[in-house]
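Comments concern the structure below.
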Amino acid sequence: MITLYGPDGKTQIARNDDGAFSNNSELLYIVPEDGTYCIEVSECYVLFGEDVCSLPEFITNFDYTFGGFEINPGAALVSVDSEPNDTPAQSTLVNLVSFPDNEIPPAGYQSIGWGSFASVSDKDSFSFMVQNDFEVPFDGRSLCVFSFYQAGTEGNGSTADANVLAQVSTKAAPNTIIASADVQVWDYTFGYPELPTITMPCTKGTEYLFTLSRGAGATTGTNDFYFFDHYQYGSNTKEIEPNDAAPQPIQTSPTDDGEGHITSVNGDIAKAGVDGDIDKFTVNVPAGIGLATAFCSAQRDGSGLRGLQVSLLDDKGNFLKNGSGSEGEDHIVYIDSAYVPPGTTSVTMHVRAESQDPDVTGKYYFCTLLLNPG
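If you use the numbering used here, the sequence shown closes out at 1247, no skipped numbers anywhere.
Okay, here's the thing in structure tokens:
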């Protein structure tokens, strides 16, 4: 774990803002003033205890490496807020590089971007083009993803630690919001804090706008910066309509430990609410399976769906378990270890939504279903 202190050597500025898809301690910080800053390196258990860190007796290697560098704003994958960029016509272009290197066709594209808010009324606009040549599975669709970084003294040190609004629209229709999220609203569903993302279906060859602004109640801080990561790649299995009456069969894959089976799907609720769209998926139950777990998200990924719900049924149409209420801005919806009776040959998952946000047009959602031994 790393902690950043200010030039006085006493004031904590930031701590351990883990990079996306990594457990390594990493801080991306915009330095507001010259001076000598201090870095403290600590073992995780010393700071946070056994609830979130390994016990000392289980650690076999106490070595670590440490380094610091300045990110080159001219690098190929870097996109830096360039003022003025409040309007679509002034938007900063998101630079993209393919991954992995030298693979044709590429698996996807990526970028890292940053900027600062000059005031609570400042709006930073970025434009990005969905590339045409990355691979999409035959049963999937193109996804565009924006992930964000924890702000505040326990994050990357930004003083914009609340009321930071990210939105996506097409450049052709900038006032029609497809996806929207307050990027500093935490989800503690699984016992540890997680930030939302914008993870949305997107169309190859289409130019989109990504905007960052301050929401209602925002205040001006001394160093209101932000970082984001952007990715473009193909999704897992996509829903195929109609699947309201007859459920769509989907395949599972063995889990890493070889004991369970897992599958992930994404779809759209065409009509939310009473008498609305109910998407149904069914999976075969392998021998030895006794538990089924599901978790789904929509609003937490920027979708306009509100109150996402999930249920699991057996092959006779009996409910195994309903989800944990409905999804909200600060929590996903999930089913934890529903009992699957012996002899059950299939499990069906139902997905629906209570309503559609009138200001956000995205109707998409994502679900994962996991089968484990009882």
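All C-beta atoms, glycine included, are put in the ideal place defined by N, C-alpha and C.
### Task
Within its chain, find whatever has a CB closer than 7 Å to the CB of residue 989; leave out the 5 residues flanking it on each side and keep chain order.
Residue numbering aside, residue 989 sits at position 116 when the sequence shown is read from its first letter. Only 903, 954, 1097 and 1098 meet the Cβ criterion.
### Task
Within the same chain, show all residues whose beta-carbon is closer than 8 Å to that of residue 1119, passing over the 5 residues directly before and after it, in chain order.
In the sequence shown, residue 1119 corresponds to position 246, counting from 1. The answer, listed in chain order, is 1153.
### Message
For residue 1021, report the span of its beta strand (DSSP E) as first-last.
### Response
Residue mapping note: residue 1021 aligns to position 148 of the sequence shown, counting from 1. Residue 1021 -> beta strand (DSSP E) spans 1015 to 1021.
### Query
If we ignore side chains and look at the alpha-carbon of each, how far apart do residue 916 and residue 964 end up?
Taking the sequence shown and counting its residues from 1, one reaches residue 916 at position 43. Taking the sequence shown and counting its residues from 1, one reaches residue 964 at position 91. For residue 916 and residue 964, the distance between alpha carbons rounds to 42 Å.
### Task
Assess, as a yes-or-no matter, whether the segment 1202 to 1212 is touched by the segment 1162 to 1181 under the definition of 3 or more beta carbon pairs within less than 8 Å.
yes
### Query
Around the C-beta of residue 944, are 16 or more other C-beta atoms found within 10 angstroms, so that it is buried, or is it exposed?
For this step, residue 944 is matched to residue 71 along the sequence shown. Result: exposed.
### Task
Grab me the residues of residue 925's own chain with a C-beta within less than 8 Å of its C-beta, minus the 5 sequence neighbours each way, in chain order.
For the purposes of this step, residue 925 is taken as the residue at position 52 of the sequence shown. Here the set comprises 917 and 1065.
### Message
Assuming contact is defined by CB atoms lying nearer than 8 Å, are residue 1224 and residue 1140 in contact in what I supplied?
### Response
Here residue 1224 is taken as the residue at index 351 of the sequence shown, counted from 1. Here residue 1140 is taken as the residue at index 267 of the sequence shown, counted from 1. Result yes, Cβ atoms of residue 1224 and residue 1140 sit closer than 8 Å.
### Query
residue 1129 by DSSP, collapsed to three states: which one?
In the sequence shown, the residue the question calls residue 1129 occupies position 256. In the structure shown, residue 1129 sits in coil (DSSP, three-state: anything other than H, G, I, E or B).
### Query
Where does residue 1056 fall in DSSP's three states?
Position 183 of the sequence shown holds residue 1056. Coil, per DSSP.
### Query
Which one or two residues does DSSP pair with residue 1187 in a beta bridge?
Numbered from 1 along the sequence shown, position 314 holds the residue referred to as residue 1187. According to DSSP, residue 1187 bridges with nothing at all.
### Message
Can you tell me whether residue 1102 is helix, strand or coil according to DSSP?
### Response
The residue labelled residue 1102 in the question sits at position 229 within the sequence shown. Of the three classes helix, strand and coil, the one that applies to residue 1102 here is strand, per DSSP.
### residue 967 beta carbon less than 8 Å from that of residue 947
Locating residue 947 in the sequence shown gives position 74, counting from the first residue. Locating residue 967 in the sequence shown gives position 94, counting from the first residue. No, they are not a contact pair.
### Query
Bridge partners of residue 951, per DSSP?
For the purposes of this step, residue 951 is identified with residue 78 of the sequence shown, where counting begins at 1. DSSP lists 985 as partners of residue 951.
### Query
Where does residue 877 sit, in a helix, a strand or coil, going by DSSP?
Within the sequence shown, numbered from 1, the residue matching residue 877 stands at position 4. Three-state DSSP puts residue 877 in a strand.
### Reduced DSSP secondary structure (H/G/I, E/B, other) of residue 1114
Within the sequence shown, the letter at position 241 stands for residue 1114. Of the three classes helix, strand and coil, the one that applies to residue 1114 here is coil, per DSSP.
### Task
Answer with buried or exposed for residue 1061, where buried requires no fewer than 16 other C-beta atoms within 10 angstroms of its C-beta.
The sequence position of residue 1061 within the sequence shown is 188, counting from 1. Exposed: under 16 other Cβ atoms inside 10 Å.
### Query
Does DSSP classify residue 913 as helix, strand or coil?
Stepping through the sequence shown from its first residue, residue 913 is reached at position 40. Three-state DSSP puts residue 913 in a strand.
### Query
For residue 963, which three-state DSSP category applies?
Position 90 of the sequence shown holds residue 963. Note: residue 963 maps to helix in three-state DSSP.
### Query
Which residue from 938, 1123, 1104 and 982 puts its Cα closest to that of residue 1137?
One-based indexing of the sequence shown puts residue 1137 at position 264. Checked all of 938, 1123, 1104 and 982; the closest Cα to residue 1137 is 1123.
#### Entry: Within 8 Å, strictly: CB atoms of residue 1104 and residue 1178
Within the sequence shown, the letter at position 231 stands for residue 1104. Within the sequence shown, the letter at position 305 stands for residue 1178. It is not a contact, given that the beta carbons lie outside the stated cut-off.
### Message
I'd like to know whether the C-beta atoms of residue 1068 and residue 1037 end up nearer to each other than 8 Å.
### Response
Position 195 of the sequence shown, counted from the first residue, corresponds to residue 1068. Position 164 of the sequence shown, counted from the first residue, corresponds to residue 1037. No. Outside cutoff.
### Query
Which one or two residues does DSSP pair with residue 1238 in a beta bridge?
Residue mapping note: residue 1238 aligns to position 365 of the sequence shown, counting from 1. Note: residue 1238 sits in a beta bridge opposite 1140.
### Message
With distance defined between alpha-carbon atoms, name the residue in 937, 1173, 1212 and 1013 nearest to residue 1076.
### Response
The residue given as residue 1076 occupies position 203 in the sequence shown. For the residues 937, 1173, 1212 and 1013, the minimum Cα distance to residue 1076 belongs to 1013.
### Contact under 8 Å by Cβ, residue 998 with residue 960
Numbered from 1 along the sequence shown, position 125 holds the residue referred to as residue 998. Numbered from 1 along the sequence shown, position 87 holds the residue referred to as residue 960. The answer is yes: Cβ separation under 8 Å.
### Task
Could you tell me which residues DSSP puts in a beta bridge with residue 997?
Taking the first residue of the sequence shown as 1, we reach residue 997 at position 124. Bridge partners of residue 997: 1085.
### Task
With distances taken Cα to Cα, identify the nearest neighbour of residue 1227 among 936, 1147 and 1132.
As a working note, residue 1227 is residue 354 in the sequence shown. Cα-wise, what sits closest to residue 1227 is 1147.
### Message
Output needed for residue 928: all residues of its chain with C-beta closer than 8 Å, excluding positions within five of it in sequence on either side, in chain order.
### Response
Counting from one through the sequence shown, the residue named residue 928 turns up at place 55. Answer for residue 928: 918, listed in chain order.
### Task
Taking residue 1022 and residue 901 to be in contact with their CB atoms under 8 Å, please state how far apart those CB atoms are, rounded to whole angstroms.
Counting from one through the sequence shown, the residue named residue 1022 turns up at place 149. Counting from one through the sequence shown, the residue named residue 901 turns up at place 28. That belief holds up - the Cβ atoms of residue 1022 and residue 901 are roughly 7 Å apart, short of 8 Å.
### Task
Tell me residue 1037's beta-bridge partners as DSSP assigns them.
Within the sequence shown, numbered from 1, the residue matching residue 1037 stands at position 164. Its beta-bridge partners are 1087.
### Backbone secondary structure at residue 885 - three-state DSSP
Numbered from its first residue, the sequence shown carries residue 885 at position 12. Strand at residue 885.
### Query
For residue 1071 versus residue 1054, is the C-beta spacing smaller than 8 Å?
The residue given as residue 1071 occupies position 198 in the sequence shown. The residue given as residue 1054 occupies position 181 in the sequence shown. Yes, they are a contact pair.
### Task
Under 7 Å Cβ to Cβ from residue 973, same chain only, skipping five residues before and after it: list those, please.
By one-based count along the sequence shown, residue 973 stands at place 100. Hits under 7 Å: 980.
### Task
If I'm right that residue 1020 touches residue 1083 with Cβ under 8 Å, what's the distance once you round it to whole angstroms?
The residue you call residue 1020 lines up with position 147 of the sequence shown. The residue you call residue 1083 lines up with position 210 of the sequence shown. Actually they are not in contact, since the Cβ atoms of residue 1020 and residue 1083 sit about 12 Å apart, beyond 8 Å.
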